[in-house]
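Everything on this sheet refers to the single structure shown next.
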Amino acid sequence: MTIKEKVASILEQNCGEFVSGQELARQLGCTRGAVWKAIKDLIKQGFEITAVTNKGYCLETSGDILTLGGVKKYLSDRYRELDIRVFDCVDSTNEIIKEYAKNGESEGKVVIARQQTGGKGRLGRSFFSPKDSGLYLSILLRPQMPMSKAMRITTCAALAVCDAIESATGSKPGIKWVNDVYLNGAKVCGILTEAAVSVENGGFDYAVLGIGVNVYVPQGGFPKEIADVAGAVANDTVPRLKNKLAGMIISSFMDYYHDVEKGGFRRAYSERLMWKGEDIYIIGPRGRTPCRIIDVDDECRLEVEMENGEKRLISSGEISIRRR
Numbered sequence: 031m032t033i034k035e036k037v038a039s040i041l042e043q044n045c046g047e048f049v050s051g052q053e054l055a056r057q058l059g060c061t062r063g064a065v066w067k068a069i070k071d072l073i074k075q076g077f078e079i080t081a082v083t084n085k086g087y088c089l090e091t092s093g094d095i096l097t098l099g100g101v102k103k104y105l106s107d108r109y110r111e112l113d114i115r116v117f118d119c120v121d122s123t124n125e126i127i128k129e130y131a132k133n134g135e136s137e138g139k140v141v142i143a144r145q146q147t148g149g150k151g152r153l154g155r156s157f158f159s160p161k162d163s164g165l166y167l168s169i170l171l172r173p174q175m176p177m178s179k180a181m182r183i184t185t186c187a188a189l190a191v192c193d194a195i196e197s198a199t200g201s202k203p204g205i206k207w208v209n210d211v212y213l214n215g216a217k218v219c220g221i222l223t224e225a226a227v228s229v230e231n232g233g234f235d236y237a238v239l240g241i242g243v244n245v246y247v248p249q250g251g252f253p254k255e256i257a258d259v260a261g262a263v264a265n266d267t268v269p270r271l272k273n274k275l276a277g278m279i280i281s282s283f284m285d286y287y288h289d290v291e292k293g294g295f296r297r298a299y300s301e302r303l304m305w306k307g308e309d310i311y312i313i314g315p316r317g318r319t320p321c322r323i324i325d326v327d328d329e330c331r332l333e334v335e336m337e338n339g340e341k342r343l344i345s346s347g348e349i350s351i352r353r354r
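Counting in our numbering, the sequence shown runs from 31 upward without gaps.
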């Protein structure tokens, strides 16, 4: 950890209380000048820090900014030792994790960013990732399962996001098949899983799980191309909400992931599935196909009934669904 990250961690642990510059310098083994430089950088990043002569520095309790110490506070005990990096701004958290994967990093490496300039969505789309309003994270995985079961990773991630939002806010989100999380009729989270195939065994070399959550409505609102679809988890600032969501999403996902071969997540996913029993369109390269949602199977493929009564299983890919 850098001096700046260590200062942020100490202030987070003493949130709402003053810590003197002298004490910070003593704990970190650096000069008070280095502490002050770190404080200035943190304030520029959006940390609400009050500085008072002869008292020191205090991280205000009303703010909501992602910090490494804050995220770790909400991790389950079994995941406290995960290697997590928190960045102010990156091009894409998925791209950073890919580089880690190519360099041989082990499973469980996590990258979190407060902003992305090149966020990635499904089907080649971009993912709107503005500063201060969202949570953007990616996890490095090295799955020991057939590529045919890759969808399980994405569905477990959607469940984890739902669990975290409900636990942190009390609101109950739903899942629009296959991986979009909705709350109050609006999309609040997108998930993208990318994978590299092992030439030797035809299975995974690695997978990158990317999750983007709209925690708040960004300043100026959402871009017009997504304004009719996008929403946010909270209307007003909630202290430490981003840290809670990040820690809870990581912990919940890893729990599901470690039991992914058992398939026990299917029932939980089905309970979150939106539009069951309703008429939809399956939208693909050949246009729109009307049908009705029945449920999902053990691989979370969508079970649908066509207009002629035929029942089919739909796999994720170059398709999407829309309510009729």
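Heads up, the beta-carbon is just placed ideally off N, CA and C, and yes, glycines get one too.
M181 - containing alpha helix (DSSP H), residue span: 181-199
Short Cβ contact (8 Å threshold) for R353 with I310: yes
Pick from A276, G134, M181, D107 that is closest to D193, judged by C-alpha positions: A276
Which of helix, strand or coil DSSP assigns to E255: coil
Coarse secondary structure for T80, derived from DSSP in three states: strand
Supposed close pair G99, S39 - CB separation, criterion 8 Å: 4 Å
Residue burial classification, D94 (beta-carbon count within 10 angstroms, cutoff 16): buried
Where the alpha helix (DSSP H) containing R56 begins and where it ends: 51-58
Where E291 falls: helix, strand or coil (DSSP): helix
Pairwise C-alpha distance: I313 and S350: 5 Å
Start-end ranges of the beta strand (DSSP E) lying completely within the segment 297-323, minimum 3 residues: 309-314
Beta-carbon separation (whole angstroms), Y130 vs L170, contact threshold 8 Å: 6 Å
Residues of its chain near M177, where Cβ-Cβ distance is below 8 Å and the 5 sequence neighbours each way are ignored: A225, V227, G232, G233, F234
Contact set for Y236: own chain, Cβ-Cβ below 6 Å, skip 5 residues either direction: A131, R172, A226
Same chain, Cβ closer than 8 Å to E47, neighbours up to 5 away in sequence not counted: C88
Range covered by the alpha helix (DSSP H) that runs through E35: 33-43
Option nearest C73 by Cα separation, candidates S50, G251, D118, R56: Before going further, note that residue 73 is Ile rather than Cys in the sequence given. Residue D118 is the option with its Cα nearest to I73.
Cβ neighbours of Q43 in the same chain (closer than 8 Å, five flanking residues each side left out): G99
Test item: CB-CB of G149 and L112 under 8 Å: no
Candidates G164, I323, I183, of which the one nearest D285 by Cα: I183
Contact under 8 Å by Cβ, F158 with I256: yes
Cα-Cα separation between T267 and C219, rounded to whole angstroms: 18 Å
Proximity below 8 Å, CB of K240 to CB of N124: It should be noted that the sequence gives Gly, not Lys, for residue 240. Cβ distance < 8 Å, so G240 and N124 count as in contact.
Helix, strand or coil at G250 [DSSP, three-state]: coil
K272 versus G51: straight-line alpha-carbon distance, rounded: 27 Å
Close Cβ partners of F252 (< 6 Å) along its chain, the five nearest in sequence each way excluded: A260
Simplified DSSP state of K272, which is helix, strand or coil: helix
Any 3 or more C-beta pairs closer than 8 Å across the segment 159-166 and the segment 187-202: no
For K217, the residue or residues it bridges with in DSSP: Y212, A260
Opening and closing residue of the beta strand (DSSP E) in which N244 lies: 234-244
Rounded separation between K320 and I205 - CA only: As written in the sequence, residue 320 is Pro, which differs from the Lys given in the question. P320 and I205: Cα-Cα distance of roughly 20 Å.
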